[in-house]
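Worksheet: one structure, shown below.
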Amino acid sequence: MECLVRTSKMAEKARQSNEAAVAIEEQRSAPDSILYKVDESPPWYLAVLLGFQHYLTAFGSTITVPLVLQTAMCIDQDRVGLSEIISTTFFVSGISTLLQTTLGVRLPIIQGVTFSFLTPTFTILALDKWKCPYVLAAKGEWNVTSFPLPDPGSPGHREIWQMRMREIQGTIMVSSVFQIIIGFSGIMGLILQFIGPLAIVPTISLIGLSLFKEAADLASKQWYIALMTMFLIALFSQYLRNISIPVCKITRKDGCSVYKLPIFKLFPILLALLTAWMICAILTATGALPEKEGWGYAARTDVNADVLKKALWFRFPYPGQWGMPTVSVSAVFGMLAGVLASMIESVGDYYACAKLAGAPPPPIHAVNRGIGIEGIGCLLAGAWGSGNGTTSYSENIGAIGITRVGSRRVVQIGGIVMIVLGCLGKFGALFVTIPDPVIGGLFMVTFGMVVAVGLSNLQFVDLTSSRNIFILGTSIFFGLSFPNWMKNHPGYISTDEIADQLLTVLLGTSMFVGGVVGFVLDNTIPGTLEERGIIKWRETDDSVKVGGTSNTSVYDLPFIQKYLNRLTITRFLPFCANFQPCSVTCKRENPTLEHYEQSVEDTKF
């Protein structure tokens, strides 16, 4: 009898085990299942391919920032120098990605350049002391006879743009210290309590709106080529987005099987850029474009072809490669507006990435650590001299949703690819040969998308409320108008030179002015939380994608976490896994802290 009971129990356990295995396999084969979770690794060959795909997905945004800064930075005529900056940007992005996925929030997020830093950078470079003399000479505002300019690409010219780069470097490095402090101290949770959609919309939207001139200047060199580029981007990203091509897919069950790859969803920018580039090359070879200076000459692909010969095959970027960074107080305060906008955007990316990668919503300690590591990434970007900071890439988060591969290891391989290619000088030089009108068409779409991303936050707001309409309209319009006046009337606010520079940078930055106006009005004009969109905006979706995990240990630091947990002091460090907010130990003495803790934990965008 005892033997029969044991046999029955063993059979029951086997049946339960089989049912569990079937359930797991069903999850794996479900349409929305995760093929590889955050803490899982695909086979090495598949991981390399997927990592390279992440690099390609980030490619468009990565080269955009150096190209849009080239004129204001006074580097547009030094193509070799521009190629070196592009390579440096890829190199630093790779380092920041490895840091974020290993020691930061530990989600599969690619780190790269941020548009939030562009507006403050342009404002700083618009100061009289940093205006590009070559641009002024082209406008007839520079006395070339009395103050002759060095030949483009000469050591004298390189010193002109490197002076400006060093100023931006120092500004980014100092302002990134604020981000590091905000992240590791846990202040981010406090800041988020007062920021809602009506403060975010003008801040993000004005980033793109304030850059329309840079996009128009490049596109106007040949509008037909720019419009063609815009059409190709629309064709690949919208009209053909549901078209897939058959490729081999590696699965654990069937090995290699046919899979329809949504190539137009994954690489619309890259495909449009390459296609427009190729068409320009054909038009250049057939003589359809002017061979001398004039309208349409900038669309030729041989205008900057000599940079491929001059660029080095291998060049290792290093800190201080442009010289010792310089710092000014006015520039740092202006850049802080970009830092704050970048942080808020990254917090939203963390939650979106966790959901798509099958991980639980990131706990507050992981968010704090992620923001702090992003600050360190910005510090490194400033030290290396990329001309920009680093932030999380939303494009790569979308790629995770399409490929259903949320492996952290894959993104780390993508970071390594960025580092390797960032050391190949010819690779960076290749992208300098892209015609200006093609870049202008790309900017028309990408900057427009930045505006749209900002406006998308209005979905949480009650737009039938006259209060909200007033705040929205006033903040955006004033955010465009007053900075424009400030740039054209320096010295009107203060007669002191230092104070004037500080106010010119701050009040000349559209995203800062519009964001502050929206923030102040939203927090002072009476309105309910539902009317302001705060409730919907901070709703927490605790659902985890099919096949995912609910174990928050995926956010633990590698190797050392078990040792950190033994230290009592880590309970009071906001970036440690066993961090306990004051409300945990103090809410018995102060019950009002319980509500604060819950609001911090539930913050989500």
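So the number in our numbering is just where the residue sits in the sequence shown, counting from 1, plus 193.
Idealized CB from N, CA, C, for every residue including glycine.
Residue j beta carbon less than 8 Å from that of residue i
i: L464; j: S437; result: no
i: K406; j: P630; result: no
i: L291; j: Q605; result: yes
i: M611; j: T364; result: no
i: R299; j: Y748; result: yes
i: R351; j: D271; result: yes
i: T697; j: M679; result: yes
i: M642; j: M423; result: no
i: Q304; j: G570; result: yes
i: S309; j: G531; result: yes
i: M266; j: W354; result: yes
i: M517; j: R764; result: no
i: M421; j: A474; result: no
i: G575; j: Y543; result: no
i: T639; j: T307; result: no
i: G389; j: W730; result: yes
i: T255; j: F283; result: yes
i: G582; j: S280; result: no
i: S289; j: G621; result: no
i: I762; j: L260; result: no
i: G607; j: Y248; result: yes
i: A331; j: V337; result: no
i: N589; j: I227; result: no
Identity of the residues DSSP links to residue i by a beta bridge
i: Y229; result: V598
i: Q263; result: Answer is none; Q263 lacks a bridge partner.
i: I438; result: L454
i: S585; result: Q304
i: I429; result: Reading off the sequence, residue 429 comes out as Phe, not Ile. Per DSSP, none; premise fails for F429.
i: L750; result: Answer is none; L750 lacks a bridge partner.
i: L617; result: F507
Residue range of the alpha helix (DSSP H) that includes residue i
i: K729; result: I727 to W730
i: P461; result: P461 to A478
i: Q270; result: Where Q270 is concerned, there is no enclosing alpha helix (DSSP H), given that its DSSP letter is neither H nor E.
i: C546; result: V522 to L549
i: W354; result: P348 to S378
i: E484; result: No alpha helix (DSSP H) holds E484; DSSP gives it neither H nor E.
i: R562; result: I557 to W577
i: G401; result: P390 to L402
i: K406; result: F405 to A412
i: C330; result: In the sequence as presented, Cys is not what sits at residue 330; that position holds Ala. Segment P326 to A331, the alpha helix (DSSP H) holding A330.
i: L385; result: First-last for L385: undefined, no H or E at that position.
i: P235; result: From DSSP, P235 is part of no alpha helix (DSSP H); its letter is neither H nor E.
i: I317; result: L311 to L318
Nearest to residue i (by Cα), restricted to the options the options
i: Q652; options: I727, D232, R508 and T584; result: I727
i: S286; options: E233, E360, F507 and G580; result: G580
i: A419; options: R357, G541, I373 and G489; result: G489
i: A491; options: G541, W416 and K503; result: W416
i: I268; options: I564, Q293, K324 and E233; result: K324
i: T536; options: Y511, Q372, L648 and L404; result: Here residue 536 turns out to be Met, not Thr, going by the sequence shown. Considering only alpha carbons, the answer is Q372.
i: S649; options: W506, F636 and L665; result: L665
i: S430; options: L466, T583, I400 and V500; result: L466
i: R660; options: T294, G608, I718 and W730; result: I718
i: Q181; options: Q362, K729, P313 and H558; result: What is shown of the chain runs 194 to 798, which leaves residue 181 out entirely.
i: A550; options: G633, A481, V603 and N561; result: V603
i: I586; options: W577, L572, V598 and E567; result: The sequence shown places Tyr at residue 586, rather than the Ile named in the question. Measuring from the Cα of Y586, the nearest candidate turns out to be E567.
i: S703; options: T294, I227, S368 and G401; result: G401
i: E538; options: M358, S280, G647 and I669; result: G647
i: D655; options: T721, A534, T312 and G487; result: T721
i: A645; options: I393, V258 and F340; result: I393
i: T316; options: N677, Y238 and M471; result: N677
i: F387; options: S398, C769, N716 and L766; result: N716
i: L505; options: K619, Y327 and V451; result: K619
i: P510; options: V613, V440 and R601; result: V613
i: K485; options: T479, V496 and L476; result: V496
i: D344; options: P326, V520 and F245; result: P326
Residue-chain proximity (residue i, chain B), Cβ-Cβ < 8 Å
i: K755; result: As a matter of chain content, chain B is missing from the structure shown, which is built from one protein chain.
(message) Could you tell me which whole beta strand (DSSP E) segments of length 3 or greater appear in the stretch 626-703?
(response) none
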